[in-house]
Amino acid sequence: MEFFDVFLLEAVINGLLLGGLLALLALGLNLIFGVIDVVWISYAELMMVGMYAIFWMYTIQGAPLWVAFAFGIALVAVLGAVMHWFVIRPVLSAEPINQLLVTGGVLFFLQAAATVTFGVEFRNLGVRLPSVNVGDINLSMARLIAFAVALSAIAATYLFLNRTYMGTAIRAISQDRAIMPLMGVNAGRIYLLTSAMGGGLAGLAACLLVLQYDIHPAIGLSFGPITFLICVMGGLGNLVGGFIAAFVFAQFISVGGFVLKIEWGYVLAFTFFIVTMFIRPEGLFAKRR
Amino acid sequence: MLELRDVSAGYGSFQALFEVSLSVKAGEAVAVIGPNGAGKTTLLRAISRLIDARSGDLSMEGCRYNDLPAHEVIGLGIAQVPEGRRLFPRLTVEDNLKMGAFTPAARARYRERLDFVYSLFPKMKERRGQLAGTMSGGEQQMCAIGRALMSQPKLLLLDEPSAGLAPVIVQSIFELVRRIRAEGYTVLIVEQNIQQVLKVVDRGYLLETGRIRASGSSGELLASDDIRRAYLGV
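For the protein sequence lines, the chains are A and B, in the order given. Heads up, the first sequence is in the numbering used here, so the first residue is 853 and it goes up one at a time. Heads up, the second sequence is in the numbering used here, so the first residue is 138 and it goes up one at a time.
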């Protein structure tokens, strides 16, 4: 029985570590939705592009790892801005369903582009970080680093949103778009900046994931839907709600997967999501409208 | 300071303003009065460039600005307190004020302006950490005026500051307008509450169905038979 408890604790800790990563992804998606009111269904595919960019820079070009990481973050940030300018901006006043569909189109486009460029083989950087043993608990160094970096990035984003003029404008714009010009705010610039920030966060997530997972064109599907559900559960656009929901979701996946089987973790998590939606359709932490 | 010549504007096929001309000189307080639906809010929206003037000229200190993007109008020194206050309800009072100082020029003076607004409205200093949406209507109006003052505007536009407020609060809002005047601000105020507003301004224009029907000093307008009959009920 004692053995069981240690492994359960390990599952809880792993869930916590996964939660940090999911919270980072949810933050980016929520930020964009909160400001622009469009859900980027292809958000995790931006992250996939970042993973390939890091792979290309590090493994193929032979650049140092930190250069590859910086390249990945910068590229996805630019990609976020490009995505806004060329894909979202033209449909800003279109029906929400059309906005969703164009981002869905980007999802398939990026998947296909990755397949054409890199093939369907699983790739990895060949970087293996050691594991850490605390008593009987065995933890992956890559996950610990990912957790620490993700939380730092979330904290930095929080400070940016609360301390700077730009950040305050980002929070304000979702509350009253129409009067932003009276404040001297160019809403188009805020949109572009937010999209680049959302992209940068996806790029950062790519750096963290590339140390733990193999890269393949469909990797976005392992994270995209779950990120979206987390955001919906936390109340779309509610950054704090998304943060909490990420950790709740991760526990379902990790502990559920430990107690039953790995796949059952996801089943439990999604069941929890469906039940939540029946009880509180606007999300667990819906903001007052 | 502000000069409108033959400005027409509207929404889609609906024309709300017909060749409106008016001017505001530095140091003046001017009111645009008129009934609901006369085009008063449209007029301020046109001045702030939130909608395009279809014809005519807008100029500020001799500069025509018909084609300036709306978010650059504040750079001319024109700040607007929109109808219904339009605070950011889930931002704190201080963050709302901060938004009023968003432009680079205003940021440089942020501290100084914040102190000024807090000295004008000590209540806002007490409430600085409170979410703006949780304050009373009168307090929100103070915050909205304070937000517009953060950019140190040359001209302050006030859109129906008394609308939706309890009568006792309405009194204090006009008292505020008087104090802002005393601080040396040039004010253009749009109001339905004709009797009250004419007491705090120098001059006024009467706007009806998108046209200027009358203009004159406050005293002249208050004494005018037409206005007395139609709006003051005497």
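We treat Cβ as the ideally placed atom computed from N, Cα and C, and that holds for glycine.
Burial state of residue i (16 or more Cβ within 10 Å)
i: phenylalanine 960(A); result: exposed
i: methionine 993(A); result: exposed
i: isoleucine 170(B); result: buried
i: glycine 1055(A); result: buried
i: arginine 1140(A); result: At arginine 1140(A), the pLDDT of 46 sits below 50, so the modelled position is not reliable; the number obtained from the coordinates is stated separately. With fewer than 16 other Cβ atoms within 10 Å, it is exposed.
i: methionine 853(A); result: Since pLDDT at methionine 853(A) reaches only 47, below the 50 mark, its modelled position is unreliable, and the value read off the structure follows with that caveat. Its Cβ having fewer than 16 others within 10 Å, methionine 853(A) is exposed.
i: threonine 1123(A); result: exposed
i: phenylalanine 938(A); result: exposed
i: valine 1187(A); result: An answer regarding residue 1187(A) cannot be provided, because it is not within the stretch 853 to 1141 covered by chain A.
i: asparagine 990(A); result: exposed
i: valine 1127(A); result: exposed
i: valine 968(A); result: exposed
i: alanine 966(A); result: buried
i: alanine 1021(A); result: buried
i: asparagine 866(A); result: buried
i: isoleucine 912(A); result: exposed
i: glutamate 897(A); result: buried
Pair within 8 Å by beta-carbon distance, residue i and residue j
i: cysteine 1059(A); j: phenylalanine 921(A); result: yes
i: serine 185(B); j: leucine 1034(A); result: yes
i: leucine 224(B); j: glutamine 308(B); result: no
i: leucine 234(B); j: arginine 284(B); result: yes
i: glycine 1086(A); j: alanine 1070(A); result: no
i: histidine 1068(A); j: valine 928(A); result: no
i: leucine 294(B); j: leucine 141(B); result: no
i: glycine 872(A); j: alanine 998(A); result: yes
i: leucine 154(B); j: alanine 146(B); result: yes
i: serine 1047(A); j: methionine 909(A); result: no
i: glutamine 333(B); j: glutamate 297(B); result: no
i: valine 1107(A); j: alanine 875(A); result: no
i: glutamine 1064(A); j: arginine 995(A); result: yes
i: asparagine 1090(A); j: phenylalanine 1137(A); result: yes
i: arginine 340(B); j: glutamine 289(B); result: no
i: leucine 1081(A); j: glycine 1135(A); result: no
i: valine 858(A); j: aspartate 1066(A); result: no
i: tyrosine 226(B); j: leucine 268(B); result: In the sequence under discussion, the amino acid at residue 226(B) is proline, which differs from the tyrosine named in the question. In contact: proline 226(B) and leucine 268(B) (Cβ atoms closer than 8 Å).
i: methionine 138(B); j: leucine 292(B); result: yes
Nearest to residue i (by Cα), restricted to the options the options
i: aspartate 232(B); options: Ala242(B), Leu251(B), Pro219(B), Glu140(B); result: Leu251(B)
i: tyrosine 895(A); options: Met1049(A), Tyr910(A), Phe970(A), Arg995(A); result: Met1049(A)
i: leucine 286(B); options: Ala216(B), Ser299(B), Arg340(B); result: Ala216(B)
i: threonine 178(B); options: Ala351(B), Ile326(B), Cys200(B); result: Ile326(B)
i: arginine 316(B); options: Val254(B), His208(B), Gly176(B), Ala190(B); result: Val254(B)
i: glutamate 165(B); options: Val338(B), Ile349(B), Glu357(B); result: Val338(B)
i: arginine 1015(A); options: Leu141(B), Tyr148(B), Leu228(B), Asp189(B); result: Leu228(B)
i: glycine 274(B); options: His208(B), Ala168(B), Ala300(B); result: Ala300(B)
i: glycine 902(A); options: Gly932(A), Val943(A), Leu953(A); result: Gly932(A)
i: lysine 260(B); options: Val230(B), Ala242(B), Gly270(B); result: Val230(B)
i: phenylalanine 794(A); options: Val1100(A), Phe974(A), Tyr904(A); result: In this structure chain A extends from 853 to 1141, so residue 794(A) is not present and cannot be described.
i: arginine 980(A); options: Leu1088(A), Val1037(A), Glu897(A), Leu1061(A); result: Leu1061(A)
i: glutamine 152(B); options: Arg264(B), Asp189(B), Val161(B), Lys162(B); result: Asp189(B)
i: isoleucine 1042(A); options: His208(B), Arg350(B), Ala269(B); result: His208(B)
i: lysine 162(B); options: Arg222(B), Asp143(B), Gly199(B); result: Gly199(B)
i: glycine 353(B); options: Val167(B), Leu187(B), Val305(B); result: Val167(B)
i: leucine 1053(A); options: Leu870(A), Leu881(A), Asp857(A); result: Leu881(A)
i: methionine 900(A); options: Val1092(A), Trp1116(A), Phe1104(A), Gly1051(A); result: Gly1051(A)
i: leucine 213(B); options: Glu312(B), Leu195(B), Phe258(B), Thr271(B); result: Leu195(B)
i: valine 1037(A); options: Ser150(B), Met236(B), Pro172(B); result: Met236(B)
i: isoleucine 222(B); options: Leu953(A), Ala1030(A), Gly1040(A); result: It is worth fixing the name first, because residue 222(B) is arginine in this sequence and not isoleucine. Closest option to arginine 222(B), Cα to Cα, is Ala1030(A).
i: leucine 889(A); options: Leu977(A), Val1119(A), Phe1104(A), Glu947(A); result: According to the sequence as given, residue 889(A) is aspartate; it is not leucine. Out of Leu977(A), Val1119(A), Phe1104(A), Glu947(A), Glu947(A) has the C-alpha closest to the C-alpha of aspartate 889(A).
i: tyrosine 1018(A); options: Ile893(A), Ala1039(A), Asp1028(A), Leu1003(A); result: First, the residue type needs correcting, since residue 1018(A) is methionine and not tyrosine in the sequence shown. Out of Ile893(A), Ala1039(A), Asp1028(A), Leu1003(A), Ala1039(A) has the C-alpha closest to the C-alpha of methionine 1018(A).
i: leucine 343(B); options: Arg244(B), Glu320(B), Gly321(B), Ala367(B); result: Ala367(B)
i: alanine 1121(A); options: Gly1093(A), Ile1078(A), Phe1095(A), Asn976(A); result: Ile1078(A)
i: alanine 1005(A); options: Phe1075(A), Trp892(A), Phe1095(A); result: Phe1095(A)
i: glutamine 1027(A); options: Gly924(A), Phe1104(A), Phe885(A); result: Phe885(A)
Distance between beta carbons of residue j and residue i, contact taken as under 8 Å
i: serine 355(B); j: leucine 335(B); result: 4 Å
i: isoleucine 1025(A); j: valine 919(A); result: With 8 Å as the limit, isoleucine 1025(A) and valine 919(A) do not qualify as a contact, their Cβ atoms being about 35 Å apart.
i: glycine 176(B); j: glycine 347(B); result: 4 Å
i: valine 314(B); j: valine 324(B); result: 7 Å
i: leucine 870(A); j: alanine 1102(A); result: 4 Å
i: valine 943(A); j: glutamine 951(A); result: 5 Å
i: threonine 955(A); j: valine 891(A); result: 7 Å
Beta-carbon neighbours of residue i, restricted to chain C and to distances below 7 Å
i: alanine 207(B); result: As a matter of chain content, chain C is missing from the structure shown, whose protein chains are A and B.
Give the list of continuous beta strand (DSSP E) stretches no shorter than 3 residues that lie fully inside the region 958–1009 of chain A.
The region 958–1009 of chain A contains, as complete beta strand (DSSP E) runs of 3+ residues, the segments 983–986, 989–992 (chain order).
Could you tell me which uninterrupted alpha helix (DSSP H) segments, each at least 4 residues in length, are contained entirely in the region 157–184 of chain B, listed from first to last along the chain?
Unbroken alpha helix (DSSP H) runs of no fewer than 4 residues, entirely contained in the region 157–184 of chain B, are found at 177–184, following chain order.
Fully enclosed by the region 181–210 of chain B, which beta strand (DSSP E) runs are 3 residues long or longer?
As far as the region 181–210 of chain B is concerned, its whole beta strand (DSSP E) runs of at least 3 residues are 192–197.
For the region 1070–1097 of chain A, list the alpha helix (DSSP H) runs that are entirely contained and at least 4 residues long, ordered along the chain.
1071–1085, all fully within the region 1070–1097 of chain A.
If we require 4 or more residues per run, which alpha helix (DSSP H) segments fall completely within the region 905–950 of chain A?
The qualifying runs are 917–935.
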